[in-house]
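To keep things clear, I will list the structure first and then write my remarks on it.
2 protein chains.
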Amino acid sequence: KKQFAVIGLGRFGAEVALTLAANNCDVIAVDKDEARVRELADRVALSVELDATDEKALREAGVQNVDVAVVSIGENIEASILVLMLLKDMGIKNIIAKAQSRMHGRILYQLGVRQVVYPERDMARKVARGLIMPEFMEHIELSPEYSIVELPAPDAFAGKSILDAKLRTDYGVTVIAIKKQGLDKGGKELWNINPLPSDKIQSGDTMVVLGANGDIERLRKISP
Amino acid sequence: KKQFAVIGLGRFGAEVALTLAANNCDVIAVDKDEARVRELADRVALSVELDATDEKALREAGVQNVDVAVVSIGENIEASILVLMLLKDMGIKNIIAKAQSRMHGRILYQLGVRQVVYPERDMARKVARGLIMPEFMEHIELSPEYSIVELPAPDAFAGKSILDAKLRTDYGVTVIAIKKQGLDKGGKELWNINPLPSDKIQSGDTMVVLGANGDIERLRKISP
Ligand SMILES: Nc1ncnc2c1ncn2[C@@H]1O[C@H](COP(=O)(O)OP(=O)(O)OP(=O)(O)O)[C@@H](O)[C@H]1O
Ligand SMILES: Nc1ncnc2c1ncn2[C@@H]1O[C@H](COP(=O)(O)OP(=O)(O)OP(=O)(O)O)[C@@H](O)[C@H]1O
Numbered sequence: 043k044k045q046f047a048v049i050g051l052g053r054f055g056a057e058v059a060l061t062l063a064a065n066n067c068d069v070i071a072v073d074k075d076e077a078r079v080r081e082l083a084d085r086v087a088l089s090v091e092l093d094a095t096d097e098k099a100l101r102e103a104g105v106q107n108v109d110v111a112v113v114s115i116g117e118n119i120e121a122s123i124l125v126l127m128l129l130k131d132m133g134i135k136n137i138i139a140k141a142q143s144r145m146h147g148r149i150l151y152q153l154g155v156r157q158v159v160y161p162e163r164d165m166a167r168k169v170a171r172g173l174i175m176p177e178f179m180e181h182i183e184l185s186p187e188y189s190i191v192e193l194p195a196p197d198a199f200a201g202k203s204i205l206d207a208k209l210r211t212d213y214g215v216t217v218i219a220i221k222k223q224g225l226d227k228g229g230k231e232l233w234n235i236n237p238l239p240s241d242k243i244q245s246g247d248t249m250v251v252l253g254a255n256g257d258i259e260r261l262r263k264i265s266p
Numbered sequence: 043k044k045q046f047a048v049i050g051l052g053r054f055g056a057e058v059a060l061t062l063a064a065n066n067c068d069v070i071a072v073d074k075d076e077a078r079v080r081e082l083a084d085r086v087a088l089s090v091e092l093d094a095t096d097e098k099a100l101r102e103a104g105v106q107n108v109d110v111a112v113v114s115i116g117e118n119i120e121a122s123i124l125v126l127m128l129l130k131d132m133g134i135k136n137i138i139a140k141a142q143s144r145m146h147g148r149i150l151y152q153l154g155v156r157q158v159v160y161p162e163r164d165m166a167r168k169v170a171r172g173l174i175m176p177e178f179m180e181h182i183e184l185s186p187e188y189s190i191v192e193l194p195a196p197d198a199f200a201g202k203s204i205l206d207a208k209l210r211t212d213y214g215v216t217v218i219a220i221k222k223q224g225l226d227k228g229g230k231e232l233w234n235i236n237p238l239p240s241d242k243i244q245s246g247d248t249m250v251v252l253g254a255n256g257d258i259e260r261l262r263k264i265s266p
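Here the protein sequences come in this chain order: A and B. Counting along the first sequence from 1, when you hit position 138 you're at 180 in the numbering used here, and nothing is skipped either side. Counting along the second sequence from 1, when you hit position 88 you're at 130 in the numbering used here, and nothing is skipped either side.
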C-alpha cells in the first residue's frame with residue numbers, strides 16, 4: 043500500500059491530503075502551523091506539526107518511508123527548495139510540488155521534481171477561456187490541436203438527427219455524447235454516450251463534441 | 043467588444059488578465075500593489091494602482107463600464123465582499139470571484155457572484171486523483187457518472203483491432219481517439235480521432251476512452 047507525505051497544508055496541500063485520505067490512502071500531513079495540523083488531525087493517518095526544513099523532524103515523522111511526497115509550502119521559495127533536497131536525500135523519487143511562479147517551477151524541475159503544479163495559473167486560463175468563448179459550457183484541451191467542448195444544442199439543430207445536422211460533414215466534429223435536459227426517475231442524469239447518427243438532437247440538450255480546434259471554433263458561430 | 047475588469051493581480055488574477063489581453067480582450071487590471079500593477083502595465087489595456095474598496099477610485103478607472111469583473115483579492119474576505127457589493131451597485135452582472143475557502147465561496151454565491159472558483163482545491167483533487175489512479179495519464183470528469191481517461195495502450199491489446207480488443211463488449215467503454223507515438227513530418231502529433239472498430243491498437247499508442255466510472259475503473263486493472 044502506497045504511503046504519501048503532504049508537506050504544507052495550505053488550500054492546495056490540505057485538499058490533496060484529504061482527497062487521498064478519503065480514498066483510503068496512507069497520508070502523513072505536516073505543517074509548521076499548529077492550527078492547520080489540528081484541522082486535519084482525525085482525517086488523515088498522521089498529522090504532525092513540524093518545520094519541514096528540519097531533517098530530523100521529518101525523519102521522526104516517518105517521512106523517509108513514503109513513496110510519494112507532495113510539497114506545497116507557499117511563499118518561501120528557499121524553504122521549498124531545502125525541503126525538496128531533504129526529500130531527495132531520503133530517497134523519495136516521486137515528488138510533486140506546487141510552484142509560486144514560473145521561475146520557481148523551473149528551479150523545481152531542474153532539481154528533480156517529477157510534477158510541478160500551477161493551480162492558480164491553470165484555473166485562470168480555464169476561466170479566461172470560458173469568458174472568451176462563452177458559447178461553450180466546458181472546454182477541454184485534449185491536445186494542442188484537438189478539444190472536447192460542451193455546448194447547448196443550437197436551435198438550428200433542434201429536432202434533427204446528428205446525421206441531418208451534418209456535424210461531421212459540415213463542421214468536421216464528432217458528437218461523443220448528448221446529455222438530455224432533466225433527470226431520470228432515480229435522479230440521475232440522462233446521457234446518450236456514443237450516440238448513433240440517427241439519434242435526434244433536441245432543444246435543451248447539451249452536446250459533447252470532439253474536434254480539431256479550427257472546427258470547434260466554427261461551431262461557436264452557430265450558437266445559440 | 044466586451045470589456046473586462048480584473049481586480050487583484052495575484053497569481054490567479056494576473057494570469058486571467060494576461061490571457062484575456064493575449065486574446066484581444068479589453069482589460070482593466072487593478073491592484074493596490076504598485077509592483078504588480080507595473081508588471082502588467084504594457085500588457086493590458088489599462089493597469090491601475092488603487093484600493094478596490096474605494097468606489098471613487100474604481101469609477102475613475104472606468105470599472106463601472108465593464109461587462110465582466112473577475113475578483114481575486116486574496117486573504118481579506120471582508121475586502122472581497124466590499125468590492126463585490128461595489129461592483130453590483132455599479133450594475134456589473136457577470137462577476138467571477140476566487141474563493142479563499144468554502145465558507146467564503148458560499149458567501150460570494152449568496153451575494154450574487156455568478157461563478158466562484160477554487161483553483162487550489164480543484165487542482166489538488168486532480169493531482170490526488172492522478173496519484174490514486176496512476177494508470178491514467180489524464181482523467182476528465184464529464185459528469186458525476188461518466189469520465190474520459192487517457193491511458194497507454196495495455197500490452198494485452200497491442201496488435202489488436204479495437205473490435206478484437208473488445209473494449210465495448212468487455213469493458214463497456216468507447217475509444218474516442220488514439221494518439222500514435224511520435225510526430226509526423228511537420229512535428230505535429232499523430233491522432234486518429236473517432237477510430238474505426240477495425241483500426242489497430244499498437245504498443246506505444248495512447249488511448250482516449252469514454253465510459254461510465256465503474257467501467258473505467260475496471261480498465262485500470264488491465265494496465266499496463
Ligand atoms: N518550513 C515549513 N515547514 C512546514 N510547513 C510550512 C513551512 N513553510 C510554510 N509552511 C506551511 O505551508 C503552508 C502553505 O503556505 P502558504 O499558504 O503560504 O502557500 P500557498 O501556496 O499560498 O498555499 P495555498 O495556495 O495552497 O493555500 C502553510 O500552511 C504554512 O504554514
Ligand atoms: N483592497 C484591495 N484593492 C486592490 N487590490 C487588493 C486589495 N486587497 C488585496 N489586493 C491584491 O489582491 C492580490 C491577491 O491577493 P493575495 O495574493 O493575497 O491572494 P491569493 O488568493 O493568495 O492570490 P493568488 O493565489 O491568485 O496568488 C494582491 O496582489 C493584493 O495586492
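Where a beta carbon is used, it is the ideal one built from N, C-alpha and C, also for glycine.
Task: Cβ pair residue 137/A, residue 170/A closer than 8 angstroms - done: Within the first sequence, numbered from 1, the residue matching residue 137/A stands at position 95. Within the first sequence, numbered from 1, the residue matching residue 170/A stands at position 128. It is not a contact, given that the beta carbons lie outside the stated cut-off.
Open item on the list: Below 8 angstroms on C-beta distance, what does residue 188/A contact in chain B?
Closed with: Translated into the one-based positions of the first sequence, residue 188/A becomes position 146. Result: 219, 233 and 235.
Task: CB contact below 8 angstroms: residue 85/B versus chain A - done: Numbered from its first residue, the second sequence carries residue 85/B at position 43. Not closer than 8 angstroms to any Cβ of chain A, the Cβ of residue 85/B fails to qualify, so no.
Open item on the list: Against residue 170/A, what residues of chain B qualify as contacts under a CB-to-CB distance less than 7 angstroms, listed in chain order?
Closed with: Locating residue 170/A in the first sequence gives position 128, where the first residue counts as 1. Ordered by position in chain B, the residues that pass the 7 angstroms Cβ test against residue 170/A are 58, 61 and 62.
Open item on the list: Based on DSSP bridge pairs, tell me the residues matched to residue 216/A.
Closed with: Residue 216/A sits at position 174 when you count from the first residue of the first sequence. For residue 216/A, which the question treats as bridged, DSSP gives the partners 252/A.
Open item on the list: Would you call the segment 80-88 of chain B in contact with the segment 242-256 of chain A, where contact means no fewer than 3 C-beta pairs closer than 8 angstroms?
Closed with: Between the segment 80-88 of chain B and the segment 242-256 of chain A there are fewer than three inter-stretch CB-CB distances shorter than 8 angstroms, so the stretches are not counted as touching.
Open item on the list: Against residue 185/A, what residues of chain B qualify as contacts under a CB-to-CB distance less than 8 angstroms, listed in chain order?
Closed with: Numbered from its first residue, the first sequence carries residue 185/A at position 143. For the C-beta of residue 185/A, the chain B residues within less than 8 angstroms are, from N- to C-terminus, 221, 231 and 233.
- [ ] Return the first residue and the last residue of the beta strand (DSSP E) that residue 160/B is part of.
- [x] Taking the second sequence and counting its residues from 1, one reaches residue 160/B at position 118. If you look at residue 160/B, you'll find it isn't in any beta strand (DSSP E); DSSP assigns it neither H nor E.
Task: Neighbour-count burial assignment, residue 77/A, 16 or more Cβ in a 10 Å radius - done: Here residue 77/A refers to the residue found at position 35 of the first sequence. Its Cβ having fewer than 16 others within 10 Å, residue 77/A is exposed.
Open item on the list: Within a Cβ cutoff of 6 angstroms, which residues of the same chain sit near residue 62/B, ignoring the five residues on either side of it in sequence?
Closed with: Working through the second sequence from its first residue, we reach residue 62/B at position 20. So the list reads 46 and 69, once near-sequence residues are dropped.
- [ ] Return the first residue and the last residue of the alpha helix (DSSP H) that residue 125/A is part of.
- [x] Walking along the first sequence from the start, residue 125/A turns up at place 83. 119-131 is the extent of the alpha helix (DSSP H) around residue 125/A.
- [ ] Can you grab the Cα-Cα spacing for the pair residue 97/A / residue 128/A, in whole Å?
- [x] Counting from one through the first sequence, the residue named residue 97/A turns up at place 55. Counting from one through the first sequence, the residue named residue 128/A turns up at place 86. In a straight line, the C-alpha of residue 97/A is about 7 angstroms away from that of residue 128/A.
Task: Check: residue 51/A C-beta below 7 angstroms from any heavy atom of ligand 1 - done: Taking the first sequence and counting its residues from 1, the one referred to as residue 51/A is at position 9. Taking 7 angstroms as the cut-off, one finds at least one heavy atom of ligand 1 near enough to the beta carbon of residue 51/A.
Open item on the list: Is there a C-beta anywhere in chain B that falls below 8 angstroms from the one on residue 80/A?
Closed with: In the first sequence, residue 80/A corresponds to position 38, counting from 1. Residue-level contact check: residue 80/A does not touch chain B, since none of the beta carbons of chain B fall below 8 angstroms from its beta carbon.
Open item on the list: Between residue 53/B and chain A, is the shortest Cβ-Cβ distance under 8 angstroms, so that the two count as touching?
Closed with: For the purposes of this step, residue 53/B is taken as residue 11 along the second sequence, with counting starting at 1. Taking CB atoms only, residue 53/B has a neighbour in chain A less than 8 angstroms away.
TODO: For residue 161/B, return the contacting residues in chain A, with the cut-off set at a CB-CB distance below 8 angstroms.
DONE: By 1-based counting over the second sequence, the position of residue 161/B is 119. 161, 162, 164, 165 and 166, listed in chain order.
TODO: Confirm, please, whether the CB-CB distance from residue 160/B to residue 172/B is below 8 angstroms.
DONE: Looking up residue 172/B in the second sequence gives position 130. Looking up residue 160/B in the second sequence gives position 118. Contact flag unset, no.
- [ ] Pick out the complete alpha helix (DSSP H) segments inside the segment 185-247 of chain A, 4 residues or longer, and give them in chain order.
- [x] Segments of the alpha helix (DSSP H) lying fully in the segment 185-247 of chain A: there are none.
- [ ] For residue 46/B, return the contacting residues in chain A, with the cut-off set at a CB-CB distance below 8 angstroms.
- [x] Working through the second sequence from its first residue, we reach residue 46/B at position 4. Within chain A, the residues near residue 46/B are 173.
Task: residue 138/B at chain A interface by Cβ criterion, 8 angstroms - done: Position 96 of the second sequence, counting from 1, holds the residue named residue 138/B. Residue 138/B has a beta carbon lying within less than 8 angstroms of a beta carbon in chain A.
- [ ] Check whether the Cβ atoms of residue 117/B and residue 157/B lie closer than 8 angstroms to each other.
- [x] One-based indexing of the second sequence puts residue 117/B at position 75. One-based indexing of the second sequence puts residue 157/B at position 115. No. Outside cutoff.
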